[in-house]
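Novice: Please find one structure pasted underneath; my questions will follow.
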Amino acid sequence: MNAPSVRTGNPWRRMLNALLSRPTRGQMVVALLCGLLGFGLVTQVHATSSTGGLGAARVDDLLGILSDLNSRGDRLRAEISDLEASQQRLRSGAGQDQAALREARARVNTLGILTGTLAAKGTGVVVTVSDPQGSVRAAVLLDAVEELRDAGAEALALSGVRIVASTPITDAPGGGIAVGRHHVRAPYRLAAIGDPSTLAGALAIPGGVLDTVDRRPGAHATVTRSPHLTITALQPLQRPRYARPAQ
Amino acid sequence: MIVAIAAAIGVALGLVLQPTVPADLQPYLPIAVVAALDALFGGVRAWLERIFDDKVFVVSFISNVLIAALIVFVGDKLGVGGELSTAIVVVLGIRIFSNAAAIRRHLFRA
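Chains A and B, in that order, are what the protein sequence lines are. Each residue of the first sequence is one higher than the one before, starting from 1113 at the first, in the working numbering. Each residue of the second sequence is one higher than the one before, starting from 921 at the first, in the working numbering.
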């Protein structure tokens, strides 16, 4: 075994003395080599850590690593194409959703005008019925409304009350007309949005609305075409009590 | 004293400069470092046994490094570079361990 042959003196003290003693020329060379060793050590450690250990790897290992990386790249590429496909799917789905939303908005607008929950504007006619003697009854105005509907009127208002499909027009006790819950008196102003010439033509046919009104004693009706007619009167929306959508 | 300072300077230089190892030297540097470590441990052991000699240390240091590099070089040429590197590391590792054991016995008497 390598049992120490020299045991004289404390080795720690010897080390301390050597550390404190003046260097000889021989020690200079040793020091140079030790410095070189430290330099090489640090350089190698740095090279190994900076290349991830690849610099010291052998060809076989590198080939294994390379094929590993290649298969991983293939897997990742497949994943990319999968994700791109699903992105495409989602994007087209979003487009369809947007189209459906636009469609639904258009529907809401149409229904709002039909049910009288939205103000409406457009071309149309205004029929003014003067009736100082109170001889124009509800039936006449109802005829006028029906005539305008037949001629394609899309929004109607009688003296500031919106008229929709369910609005009743009846004679009010003590003169005047009851339109739904409202009570209106002459002169009546019937506004209709639609094609002005068609509406005016429908009112003016012989024996039609205008003739009927003019035959009443003291009553007179005039039709005014308007390129910019606005109907701001609204009807509250009534939920159906009995009817439900049938799917 | 000067030996410790020089080693510290070498480490500091390596840290500051962060040199890149030339591609031609890459297989040899780690083996050379291990060989130099072996020489260093042998030198410390010799010093503790009071048979240290500057010249012997310098020659053994340089020859260790050169022979290790040469073996790796020849191994690379023969296509067994990896195996020979492993062999050198094993042999030098055993020597380092036995030297370290001797140093330990000197310092701690155990």
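Every residue, glycine too, gets a C-beta built ideally from N, C-alpha and C.
Using 7 angstroms as the limit for Cβ to Cβ distance, is A/Leu1145 near chain B?
Specialist: Yes, contact with chain B.
Novice: Can you tell me where the alpha helix (DSSP H) holding B/Tyr948 begins and where it ends?
Specialist: Note, B/Tyr948: alpha helix (DSSP H), 948-968.
Novice: So, at 6 angstroms on beta carbons, what are the nonlocal neighbours of A/Ser1133 in its own chain, with the 5 sequence-adjacent residues on each side left out?
Specialist: Closer than 6 angstroms at the Cβ level, and outside the excluded window around A/Ser1133, lies no residue.
Novice: Taking 7 angstroms as the threshold (C-beta atoms), are B/Ser980 and B/Ala959 in contact?
Specialist: Yes, the pair counts as a contact, with Cβ atoms nearer than the cut-off.
Novice: Comparing C-alpha positions only, which one of B/Ile1023, B/Ala988, B/Val994, B/Phe1017 sits nearest to B/Ile1008?
Specialist: Of the candidates B/Ile1023, B/Ala988, B/Val994, B/Phe1017, the one whose C-alpha sits nearest the C-alpha of B/Ile1008 is B/Ala988.
Novice: Which bits of chain A does B/Ala952 rub up against, with CB to CB less than 7 angstroms?
Specialist: Neighbours of B/Ala952 on chain A, chain order: Gly1152.
Novice: Starting from A/Val1296 and walking both ways along the beta strand (DSSP E), at which residues does that stretch end?
Specialist: Note, A/Val1296: beta strand (DSSP E), 1294-1296.
Novice: Check whether the Cβ of B/Phe981 lies closer than 7 angstroms to any Cβ atom in chain A.
Specialist: Chain A contact via Cβ: present.
Novice: Check the C-beta distance from A/Gly1150 over to B/Gly999 and give it rounded, since I have them as a contact under 8 angstroms.
Specialist: With a Cβ gap of about 33 angstroms, A/Gly1150 and B/Gly999 do not count as contacting.
Novice: Are the beta-carbon atoms belonging to B/Ala956 and B/Val985 less than 7 angstroms from one another?
Specialist: Yes, the pair counts as a contact, with Cβ atoms nearer than the cut-off.
Novice: Can you name the residues of chain B whose CB is closer than 8 angstroms to the CB of A/Leu1148?
Specialist: Simply Gly930, Ala956.
Novice: Would you mind telling me which residues of chain B sit closer than 7 angstroms to A/Gly1138, beta carbon to beta carbon, in chain order?
Specialist: The contacting residues are Asp974.
Novice: Could you check whether A/Ala1250 and A/Ala1314 sit closer than 7 angstroms to each other, using their CB atoms as the reference points?
Specialist: No; because the gap between Cβ atoms is not below 7 angstroms, this pair is not in contact.
Novice: Verify the CB distance criterion: does B/Ile987 have a CB-CB separation below 7 angstroms to chain A?
Specialist: So no, B/Ile987 is outside the interface.
Novice: Specify whether the region 1320-1339 of chain A and the region 1232-1240 of chain A touch according to this definition: at least 3 beta carbon pairs, one from each stretch, less than 8 angstroms apart.
Specialist: Result yes; three or more Cβ-Cβ pairs closer than 8 angstroms.
Novice: Near A/Met1113, which residues of its chain fall below 8 angstroms by C-beta distance, leaving aside the five closest residues on each side in sequence?
Specialist: Since pLDDT at A/Met1113 reaches only 40, below the 50 mark, its modelled position is unreliable, and no value is offered.
Novice: Compare the beta carbon distance of A/His1295 and A/Gly1288 with 7 angstroms and say whether it is the shorter of the two.
Specialist: Yes, these two residues count as a Cβ contact at 7 angstroms.
Novice: Along chain A, which residues have their Cβ under 7 angstroms away from the Cβ of B/Pro939?
Specialist: Those are Thr1155, listed as they occur along chain A.
Novice: Please state whether the Cβ-Cβ distance between B/Ile1014 and B/Phe961 is less than 7 angstroms.
Specialist: Not closer than 7 angstroms, so no.
Novice: Identify the contact partners of B/Ile1014 in chain A, using a Cβ-Cβ distance below 7 angstroms as the criterion.
Specialist: Correct list: empty, because the minimum Cβ distance to chain A is about 13 angstroms.
Novice: Could you list which residues in chain A have their beta carbon closer than 9 angstroms to that of B/Phe993, in chain order?
Specialist: The premise fails here: B/Phe993 is roughly 15 angstroms from chain A at the closest Cβ pair, so nothing lies under 9 angstroms.
Novice: What three-state label does DSSP hand A/Ala1250 in the structure shown?
Specialist: Correct three-state label for A/Ala1250: helix.
Novice: According to DSSP, which residues form a beta bridge with A/Ala1267?
Specialist: Partner(s): A/Ile1305.
Novice: In chain B, which residues lie less than 8 angstroms from A/Ala1159 when you measure between Cβ atoms?
Specialist: Neighbours of A/Ala1159 on chain B, chain order: Thr940, Val941, Gln946, Leu949.
Novice: Hey, how far is the Cα of A/Gly1147 from the Cα of B/Ile922?
Specialist: Distance between the alpha carbons of A/Gly1147 and B/Ile922: 10 angstroms.
Novice: Quick one: does B/Gly934 have its CB under 7 angstroms from some CB of chain A?
Specialist: So, interface residue.
Novice: Judging by CA-CA distance, which residue of B/Val978, B/Leu949, B/Asp996 is the nearest neighbour of A/His1158?
Specialist: The shortest Cα separation from A/His1158 among B/Val978, B/Leu949, B/Asp996 belongs to B/Leu949.
Novice: For A/Leu1223 and A/Ser1278, what's the separation of their Cα atoms in angstroms?
Specialist: Straight-line Cα distance between these residues: approximately 14 angstroms.
Novice: On a CA-only basis, which of A/Val1142, A/Gln1245, A/Glu1266, A/Thr1227 is nearest B/Phe972? Give me that one, please.
Specialist: Of the listed residues, the one whose Cα sits closest to B/Phe972 is A/Val1142.
Novice: Given that B/Phe977 touches chain A, what residues does it touch there, using C-beta distances under 7 angstroms?
Specialist: By Cβ distance, chain A contributes Val1142.
Novice: Hey, would you say A/Leu1341 sits closer than 7 angstroms to A/Thr1229, going by beta carbons?
Specialist: The answer is no: Cβ separation not under 7 angstroms.
Novice: 7 angstroms is my cut-off, CB to CB: does B/Asp996 come that close to chain A?
Specialist: No, no contact with chain A.
Novice: Taking the beta carbon of B/Gln938 as the centre, do at least 16 other beta carbons fall within 10 Å, making it buried, or is it exposed?
Specialist: Exposed, by the Cβ-count rule.
Novice: Name the one or two DSSP bridge partners that A/Thr1287 has.
Specialist: The displayed chain sequence assigns Gly, not Thr, to residue 1287 of chain A. BP columns for A/Gly1287 are empty, so no partner.
Novice: Could you tell me the distance, in whole angstroms, from the CA atom of B/Leu1004 to the CA atom of B/Gly995?
Specialist: Whole-angstrom Cα-Cα distance: 6 angstroms.
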